[in-house]
Amino acid sequence: MNTEIPERPEKIIVHVHPDLEDLVPGFLAHRREDLGTLRAALERGDYAAIRRLAHTMKGVGGGYGFAPFSSIGLQLQQAAEKRDAAGIERGLAALADYLERVEVVFDPAPQD
């Protein structure tokens, strides 16, 4: 019987053009702040604030090469529109996991 604790999931590598190197740390810091803001809004039951912030997140993710932010934003926005606290919790867990695991590689070559 294997009783070892499984290793953490692997990092999520995101290739970003070096022209964005100065912007990406701030972008990711803002997403971490968003996570806290979204959690606080859920605690208050402020679904309108969650919807607005999730809508913004949905729009900005792809512009920096972080498509998962867009899909998580959509998930959170739809859950907020339904006042689905469990759905929002799942979205917040996905956001926290992504932020924990994402690793940026600045690479001028386009990635397909």
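Each residue of the sequence shown is one higher than the one before, counting from 1 in the UniProt record's numbering. Glycine included, every Cβ here is placed at the ideal spot set by N, Cα and C.
Subject >> For Leu35, the nearest candidate out of Asp22, Arg44 and Leu53 (CA to CA) >> reply: The shortest C-alpha separation from Leu35 is found at Leu53.
Subject >> Helix, strand or coil at Phe69 according to DSSP, with G and I counted as helix >> reply: Shown here, Phe69 sits in a helix according to DSSP, grouped into three states.
**OP:** Out of Ala96, Asp107 and Ala29, point me to the one whose CA is closest to Leu76's CA.
**Re:** The option with the nearest alpha carbon to Leu76 is Ala96.
**OP:** Count the other CB atoms, across all protein chains shown, that sit within 10 Å of the CB of Ile72; report buried if there are 16 or more and exposed otherwise.
**Re:** It is buried - the Cβ of Ile72 has at least 16 other Cβ atoms within 10 Å.
Original post:
Thinking C-beta only, is Pro25 closer than 7 Å to Pro108?
Top reply: Against a cut-off of 7 Å, the Cβ pair of Pro25 and Pro108 comes out as no contact.
Original post:
With a CB to CB cut of under 8 Å and the five nearest residues on each side skipped, what residues in its chain are close to Val14?
Top reply: Gly65, Phe66, Val102, Glu103, Val104 and Val105, listed in sequence order.
Subject >> For His17, three-class secondary structure by DSSP >> reply: DSSP places His17 in the coil class of the three-state scheme, outside both helix and strand.
Subject >> Counted within 10 angstroms of its Cβ, other Cβ atoms place Ala83 as buried (16 or more) or exposed >> reply: Checking the sequence, you will find Arg at residue 83 rather than Ala. By the 10 Å Cβ count, Arg83 comes out exposed.
Original post:
Thinking C-alpha only, which one of Leu23, Gln78, Tyr98 and Asp46 is nearest Ile63?
Top reply: Here the sequence assigns Gly to residue 63, which means Ile is not the residue at that position. Of the listed residues, the one whose Cα sits closest to Gly63 is Leu23.
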